[in-house]
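J.:
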Amino acid sequence: MSDKPAPKKKKPWPKWLQISWLIFKIIRIPVLCVLAVYIGLWLGYSKLGHQPANEILHMSTWRHLYDLVFAN
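Residue numbers (my numbering): 82 to 153.
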């Protein structure tokens, strides 16, 4: 005779919770990547570059940066 207790059966998750968990697993890496890029832009542009943080997402900022990098 074995003195081991019988293993407990896990309750199955509801369907909505399974779908929610699947969606979370799929989008967590892209969301973290976008968040990391934004934080890097904020640190580099506003904290190290001493520029206003609201200019990070302006197209004119990136056009100016492109012109500086690829100028002849």
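Ideal placement from N, C-alpha and C gives every residue a C-beta, glycine not left out.
Measuring alpha carbon to alpha carbon, tell me which of 148, 149, 147 and 120 ends up nearest residue 135.
T.: Of the listed residues, the one whose Cα sits closest to residue 135 is 120.
J.: Where does residue 72 sit, in a helix, a strand or coil, going by DSSP?
T.: Since the first and last residues shown for the chain are 82 and 153, residue 72 lies out of range.
J.: Work out the CA separation of residue 114 and residue 137 for me, nearest whole Å.
T.: Cα-Cα distance, rounded: 17 Å.
J.: Compute the Euclidean distance between the alpha carbons of residue 97 and residue 106, then round it to the nearest angstrom.
T.: Distance between the alpha carbons of residue 97 and residue 106: 14 Å.
J.: Can you look up residue 132 in the DSSP assignment and give me helix, strand or coil?
T.: Looking at residue 132 - three-state DSSP - the assignment turns out to be coil, as it is neither helix nor strand.
J.: Rounded to whole angstroms, what's the CA-CA distance from residue 103 to residue 140? Just pull it up for me.
T.: Roughly 35 Å separates the two Cα atoms.
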